[in-house]
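This report concerns only the one structure given below.
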Amino acid sequence: MHTDVLVIGAGPAGLAAAAAAAEHGAEVLLVDRESRPGGILKQCIHDGFGVIRYEEKLTGPEYAYRDIEAVRAYGLRVLNNTFVLDLKQSVDGFSLLLQNPIDGAFRVDTKALVAANGCRERTSRQVFIHGDRPAGIYSAGTAQNLINLHGYLPGRKVVILGSGDIGMIMARRLTLEGAEVAGVYEIKDEPSGLTRNRVQCLDDYNIPLYLNTTVTRVHGTKRVTGVSVAAVGADLKPLPGSETLVPCDTLLLSVGLIPENDILEPLALEFDAKTGGPVVDQRMMTSVPGLFSCGNATHVNDMVDYVSESGFNAGRAAANYCQHGGSQGSVEVVSGNNLLYAVPQRLVSGEEAAIYFRSDKTIDRVILVAQAAGKELFREKYLRIRPPEMQKIVLQPLSPEVESVEIGLEEVT
Amino acid sequence: MSAELNTVKKALAAANLAEVEVIEKQGALVLEGQVKNWQQYLEAGYAAAGQDFRGVVNDLEVEGLENFKQQCESSPEDFSLERYSFDVVVIGGGVIGCAIARELTRYNVKVALLEKESDLARHTSGRNNGMIHSTMAVKLGTKKYLYNLRGNRMYRKVAEELGFDLKWPGSFAMLDKNWQLLLGPYARRIASKKGVQGFRVLSKGKVKELEPNAWEEQTGSFYMPETGVVDPYQVTIAYAENAMQNGTTIYLNTKVLGFEKDNNRITAVRTNRGTLQAGVIINAAGIWADHVAEMAGDRFYTIHPRKGVIAILDKKTGSSQSYILGRAQLSSEAKTKGGGLVPLLDGNILAGPTADEVPGREDYSTETHELQHILDHHLVLNKTLQQSDIITYFAGTRACTFEEDFIIEISEYVENLVHAAGIQSPGLASAPAIAVDVRDMAAEILKNKMDLKENPDFNPKRKLAPQPVRLSLKERNCLIENRPSYGQIVCRCELVSEGEIVDAIHAPLPARTLDAVKRRARAGMGRCQGGFCTPAVINILARETGRQVTEICKHEPGSVLITDRTRRKGCEQSAH
Ligand SMILES: Cc1cc2nc3c(=O)[nH]c(=O)nc-3n(C[C@H](O)[C@H](O)[C@H](O)COP(=O)(O)OP(=O)(O)OC[C@H]3O[C@@H](n4cnc5c(N)ncnc54)[C@H](O)[C@@H]3O)c2cc1C
Ligand SMILES: Cc1cc2nc3c(=O)[nH]c(=O)nc-3n(C[C@H](O)[C@H](O)[C@H](O)COP(=O)(O)OP(=O)(O)OC[C@H]3O[C@@H](n4cnc5c(N)ncnc54)[C@H](O)[C@@H]3O)c2cc1C
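Sequences listed follow chains R and W, in order.
Position in the first sequence counted from 1, then plus 15, gives you my numbering.
Position in the second sequence counted from 1, then plus 277, gives you my numbering.
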């Protein structure tokens, strides 16, 4: 089988990429390993999706539905329940081994590839929780899946470790389903999710949020019977003597998301250690020509609207690549003062570019400055900036002699 | 008082443990009294070991420790096995018990294997490094040595017959001081005495050439090419399935609670599920073998657990290393098999184990300092590895006697009991050889009571379920066409299909828990640790076994995964 653009993942990023590529004249194949398109949005039944793109507050499934309808309208090929078993570069693009229960295992050759695989959750083992291994330890996303897609309650009395958005949303969801949430425990001195989620999911339901506190140990051998929690010092290490036991039957973890790019491993592309995703330019092209990355596979976004945006960019560029070829832009974006990261990490000159960034700490009154060779390109003031809230700026087309752009946050004193 | 007893008294006094009482019972030393802490309990045990007695029974009480001798609560009670009768009853469903059962089926005997847990290899056999050691690190003259040597050489054939994976990456025991290379000729002599084939001493440069990512501080290495790697769980299951194929009955959730005896002979085995008649009893109860020995009236050893924590690293690390990397242990006193970094069959690297004496025999909790030890001591042996590569970690306990050797013998006091006890490391490597000898001991006893013959129907080859990833594309598609569920991937990280999960659930020894499915089919073993496939596997388990999802357990009765249904059905439910 042959195609121009193959999109892996039918979440909001992949759906947008597929639609954009089709719009720009490419033949498109969209594959997803799940039985229905929509990606993680299928299980996000709360509202708040689409505030930028539609100026509406949609639920996850509603948001996804609009994109699925758009893809349908183009009549492009969509394969569900389809896994990528193997992926390699070929003379004129990429060769993939796919498998599903109907067609079995089969090869597809494509000129351009869009990897929109989304992200996965950090596990209890990755935050080094000790004790035995009883039932009742779930990541917040797995709990969300169990409750919203399957109608199963993972437990009755729940402790949540980490104040990521999914954790806070699940605190509310569990409460609504009749479970008791004993508290949300966060090791840092501020919640790691959005402020609106803290207010709407915890405060409104009287669910306590404990900052500078962590879970040190799980108790129980069959099912969780409780967890030890402890205050932490400035080094984030538990303070001796501060441990207390919180009885519960469930521990949910909301301790971070990791872009999922495992299938790209054979391609030896450049990764950004800070985002966990591939290094891309504003067209979302990676260091491998013809390979594009978008959505949460590139970096973890806080708003689905930005995810869709990156998908559109990737899809359009992939269709373009099929006709004109090309390679990644060479202008380097350097993330300077007070920045956690900035995406894209490379730029193509002569084209407008949206840059998304996060600060590395909460700062009041800062100015974002983008400059090239000492010349200021852009400046914007923020009253307050927090790492969970991603920011977006738009840079005007760069002139060809610019080799690198530095972006940093300057505190106003 | 005998001279030996006096020697022990003196040794105890030297260890400031003069108040410990020592008596001799059934040819074994028994320690009685009370000590202040676990450390003293161990010191007393070791002080008493090494004399000309059958073994050390440590009955000391430890201040402040009450429950350490107690076994966990008993499984549910019924009488389903009442009055069943077997020629041989094997106690313990670890690698040792299963291998013995399989070897016994070469004869025309009726064999039952009893395991207290809901799956095999829930204890030590499922919690170890999976190494088929060379004999370089074991002491000459011990049973450990003899069985390790023979076991190692039997593995190739056993793997072929039973259809489990086995590879021989070979192991490096690295040195970190220049003078240690002077030990080369001495090490070579030891290696040849111990029958370590292909042993070599490698220079620093040679190590670098063969293993470019090896430890920065190495100054050279000993190299033992005949060190192998298996998945110990697969080995146990493979032996068990072949034993079943040849007539063995395996009873899970069946715990031995006592014995009925007629003088020096056991007549029946009492379990939570009724009393079985038994001709020969084999004690392969691992960490609890001393309890079984006591119940049988032949108590001459006490087992103390030595906990080992192991970490598993992400598959993507696999390509950074080809050999097993460890440190040379130059002192023969070391109480551990050093371990290190083991490249596993599926591409992950295993790091560990640690070795800590703990009172709890089934205490599988892990501690921060244990993981730290793995980081400091093992992870550094491959300079590309990082803490963030760890995807999971867990613990196992070694069943150590104070003599620190295997006990493989016909009981001196009970005429139809065979012990396969004290099987700490390298027990896995030794299993094939231990099984053959224990089979012969059982035959020795049986031969007087029955007409013992070879089993004409014995088939050494295990029947295997299809493994799609091992098939050619064409064969795989044929399989998927016949059963589309082989084409439906459920575990994303390890690419396990629904068909393979269903096969595990309906295997001769059915996988009935989430962990059993994970161990059999690898679903949930990968980097997301079951985050994505857990809901699907719960559903498949419920569907295939006709149970409610609220009845599906993680690993043992009581470890339920789903407590309730929500107020409304989920959409994945109504869609079906
Ligand atoms: C558990 C979880 C809960 C979340 N909850 C919220 C929330 O409540 N609110 C919020 O604003 N954001 C939430 N997010 C963030 C959310 O992921 C993003 O807003 C957005 O949905 C990401 O879109 P995406 O298309 O990049 O990825 P996804 O929506 O994850 O889509 C990726 C798709 O690719 C498929 N795929 C991946 N690899 C392969 C492969 N090898 N072969 C075939 N198919 C593949 C996946 O199955 C999936 O369908 C959540 C994220 C997670 C992980
Ligand atoms: C951390 C660690 C690393 C190791 N690494 C290696 C290695 O790399 N290579 C190697 O060769 N060896 C290694 N070993 C040693 C090896 O794992 C053991 O020697 C081997 O698994 C012992 O098997 P077993 O069958 O005797 O014990 P087990 O697997 O413990 O089996 C005994 C079984 O008996 C059952 N049982 C107990 N009491 C009763 C009862 N009353 N009724 C019914 N059933 C009962 C238990 O539930 C258990 O399942 C390691 C051990 C540890 C702890």
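Every residue, glycine too, gets a C-beta built ideally from N, C-alpha and C.
Q. Mind pulling the chain R residues with CB within less than 7 Å of Y670(W)?
A. Numbered from its first residue, the second sequence carries residue 670(W) at position 393. The contacting residues are R140.
(Q) Once DSSP output is grouped into helix, strand and coil, what is the label at I564(W)? (A) Residue numbering aside, residue 564(W) sits at position 287 when the second sequence is read from its first letter. In the three-state reduction of the DSSP assignment, I564(W) falls in the helix class, which pools H, G and I.
Q: Measuring only between beta-carbons, confirm whether Y321(R) sits less than 8 Å from chain W.
A: Here residue 321(R) corresponds to residue number 306 of the first sequence, with the count starting at 1. For Y321(R), the answer is no, since every Cβ of chain W falls outside 8 Å of its Cβ.
Q | C-beta contact flag for V99(R) and G330(R) at 8 Å | A | Stepping through the first sequence from its first residue, residue 99(R) is reached at position 84. Stepping through the first sequence from its first residue, residue 330(R) is reached at position 315. No, Cβ-Cβ distance for V99(R) and G330(R) is not below 8 Å.
Q) For S836(W), is the classification buried or exposed, using 16 other Cβ atoms within 10 angstroms of its Cβ as the cut-off for buried? A) Position 559 of the second sequence, counted from the first residue, corresponds to residue 836(W). Counting Cβ neighbours within 10 Å, S836(W) comes out buried, since at least 16 surround it.
Q: Can you say whether V285(W) is buried or exposed, counting buried as having 16 or more other CB atoms within 10 angstroms of its CB?
A: Along the second sequence, one-based indexing puts residue 285(W) at 8. Per the 10 Å Cβ criterion, buried.
Q) Given a threshold of 16 other Cβ atoms within 10 Å of its Cβ, counted over all protein chains shown, does V106(R) qualify as buried or as exposed? A) Taking the first residue of the first sequence as 1, we reach residue 106(R) at position 91. So V106(R) ends up on the exposed side.
Q: Could you tell me the boundaries of the alpha helix (DSSP H) in which E301(W) lies?
A: On the second sequence, residue 301(W) is found 24 positions in, with the first residue counted as 1. No alpha helix (DSSP H) holds E301(W); the beta strand (DSSP E) holding it covers 298-302.
Q: Tell whether a beta-carbon distance below 8 Å holds between L658(W) and W492(W).
A: Here residue 658(W) refers to the residue found at position 381 when the second sequence is read from its first residue. Here residue 492(W) refers to the residue found at position 215 when the second sequence is read from its first residue. Going by C-beta atoms, L658(W) is nearer than 8 Å to W492(W).
**Q.** Contact with chain R by L750(W), beta-carbon distance below 8 Å
**A.** Residue mapping note: residue 750(W) aligns to position 473 of the second sequence, counting from 1. Interface residue, yes.
Q.
Using the three-state DSSP reduction, which class does N519(W) fall into: helix, strand or coil?
A. If you number the second sequence from 1, residue 519(W) lands on position 242. It is helical.
Q | Cβ neighbours of M405(R) in the same chain (closer than 8 Å, five flanking residues each side left out) | A | Here the question's residue 405(R) lines up with position 390 in the first sequence. Same-chain partners within the cutoff: N316, D317, M318, Y321, Y371, F372, R373.
Q. Would the beta-carbon of I601(W) be found less than 7 Å away from any heavy atom of ligand 2?
A. Here residue 601(W) refers to the residue found at position 324 when the second sequence is read from its first residue. It does not: the Cβ of I601(W) is nowhere closer than 7 Å to a heavy atom of ligand 2.
Q) In or out: S448(W) buried (at least 16 other Cβ within 10 Å) or exposed? A) Working through the second sequence from its first residue, we reach residue 448(W) at position 171. With 16 or more other Cβ atoms inside 10 Å of its own Cβ, S448(W) counts as buried.
Q: Measure the Cβ-Cβ separation of G808(W) and T157(R) and say whether it is below 8 Å.
A: Along the second sequence, read from residue 1 onward, the residue named residue 808(W) stands at position 531. Along the first sequence, read from residue 1 onward, the residue named residue 157(R) stands at position 142. Their beta carbons are under 8 Å apart, which means G808(W) touches T157(R) by this criterion.
(Q) Is it buried or exposed, Q663(W), if we count other Cβ atoms within 10 angstroms and call 16 or more buried? (A) Numbered from 1 along the second sequence, position 386 holds the residue referred to as residue 663(W). With fewer than 16 other Cβ atoms within 10 Å, it is exposed.
(Q) Can you find the residues in the same chain that come closer than 7 Å, C-beta to C-beta, to G764(W), ignoring five residues on each side of it along the sequence? (A) Residue numbering aside, residue 764(W) sits at position 487 when the second sequence is read from its first letter. Cβ within range, chain order: I757, S774.
(Q) Just checking: is the beta-carbon of E645(W) within a distance shorter than 8 Å of some beta-carbon in chain R? (A) Counting from 1 along the second sequence, the entry for residue 645(W) is found at position 368. A small correction: the amino acid at residue 645(W) is Thr; Glu does not occupy that position in the sequence shown. So yes, T645(W) belongs to the interface.
Q. Which residues of chain A have a Cβ atom closer than 8 Å to the Cβ of R48(R), listed in chain order?
A. In the displayed structure, chain A is absent; the protein chains listed are R and W.
(Q) Rounded to the nearest angstrom, what separates T531(W) and P353(W) at their Cα positions? (A) Residue numbering aside, residue 531(W) sits at position 254 when the second sequence is read from its first letter. Residue numbering aside, residue 353(W) sits at position 76 when the second sequence is read from its first letter. Each residue's Cα considered, the two are about 9 Å apart.
Q) Relative to chain W, which residues along the stretch 109-136 of chain R have a C-beta separation below 9 Å, given in chain order? A) Listed in chain order, the positions of the stretch 109-136 of chain R with a beta carbon within less than 9 Å of a beta carbon of chain W are L112, Q114, N115, P116, I117, D118, G119, A120, F121, R122, R135, E136.
Q: For Q328(W), name the three-state secondary structure that DSSP assigns.
A: Within the second sequence, residue 328(W) is the residue found at index 51, counting from 1. It is coil, neither helix nor strand.
Q. Whose CA, out of H568(W), I687(W), E752(W), lies closest to the CA of G369(W)?
A. Position 92 of the second sequence, counting from 1, holds the residue named residue 369(W). Closest by alpha carbon: H568(W).
Q.
Under 8 Å, Cβ to Cβ, is there at least one residue of chain R near K614(W)?
A. Position 337 of the second sequence holds residue 614(W). Here the model assigns K614(W) a pLDDT of 48, short of 50, so the residue's position is not dependable and the matter cannot be decided.
Q) For M408(W), is the beta carbon positioned less than 7 Å from some heavy atom of ligand 2? A) Indexing the second sequence from 1 puts residue 408(W) at position 131. At least one heavy atom of ligand 2 is nearer than 7 Å to the Cβ of M408(W), so yes.
Q) Which value, in whole angstroms, describes the spacing of the CA atoms of N335(R) and M299(R)? A) Mapped onto the first sequence, residue 335(R) falls at position 320. Mapped onto the first sequence, residue 299(R) falls at position 284. For N335(R) and M299(R), the distance between alpha carbons rounds to 12 Å.
Q) Under 8 Å between the Cβ atoms of V349(R) and E285(R)? A) Locating residue 349(R) in the first sequence gives position 334, counting from the first residue. Locating residue 285(R) in the first sequence gives position 270, counting from the first residue. Cβ distance not < 8 Å, so V349(R) and E285(R) don't count as in contact.
**Q.** Range covered by the alpha helix (DSSP H) that runs through C375(W)
**A.** Mapped onto the second sequence, residue 375(W) falls at position 98. Per DSSP, C375(W) belongs to the alpha helix (DSSP H) from 372-381.
Q) Less than 7 Å between the CB of K393(W) and some heavy atom of ligand 2, yes or no? A) Numbered from 1 along the second sequence, position 116 holds the residue referred to as residue 393(W). It does: the Cβ of K393(W) is within 7 Å (strictly closer) of some heavy atom of ligand 2.
Q: Please classify L838(W): does DSSP put it in a helix, a strand, or coil?
A: In the second sequence, counting from the first residue as 1, residue 838(W) sits at position 561. The answer is coil: DSSP assigns L838(W) none of H, G, I, E or B.
Q) I722(W) and I687(W) look like a contact to me (Cβ under 8 Å); what is the Cβ gap, rounded to whole Å? A) For the purposes of this step, residue 722(W) is taken as residue 445 along the second sequence, with counting starting at 1. For the purposes of this step, residue 687(W) is taken as residue 410 along the second sequence, with counting starting at 1. Indeed, because the Cβ distance is near 7 Å, the residues count as touching under 8 Å.
Q: Enumerate in chain order the residues of its own chain whose CB-to-CB distance from I815(W) is below 8 Å, with the five nearest sequence positions on each side excluded.
A: As a first step, residue 815(W) is located in the second sequence; it is residue number 538 there, counting from the start. Within the same chain, I815(W) has close Cβ partners L791, V826, I829, L838, I839.
Q: Can you grab the Cα-Cα spacing for the pair P149(R) / D124(R), in whole Å?
A: By one-based count along the first sequence, residue 149(R) stands at place 134. By one-based count along the first sequence, residue 124(R) stands at place 109. Here the C-alpha atom of P149(R) lies approximately 45 Å from the C-alpha atom of D124(R).
Q) Do Q215(R) and V294(R) have their C-beta atoms closer together than 8 Å? A) Here residue 215(R) is taken as the residue at index 200 of the first sequence, counted from 1. Here residue 294(R) is taken as the residue at index 279 of the first sequence, counted from 1. With respect to the 8 Å criterion, Q215(R) and V294(R) are not classified as neighbours on the basis of their beta carbons.
Q) What is the DSSP secondary structure of D277(R), counted as helix, strand or coil? A) On the first sequence, residue 277(R) is found 262 positions in, with the first residue counted as 1. D277(R) falls in the helix class under three-state DSSP.
Q: Find the residues of chain R that neighbour Y641(W), judging by a C-beta separation of less than 9 Å, and give them in chain order.
A: Here residue 641(W) corresponds to residue number 364 of the second sequence, with the count starting at 1. The answer, in chain order, is D147, R148, T236.
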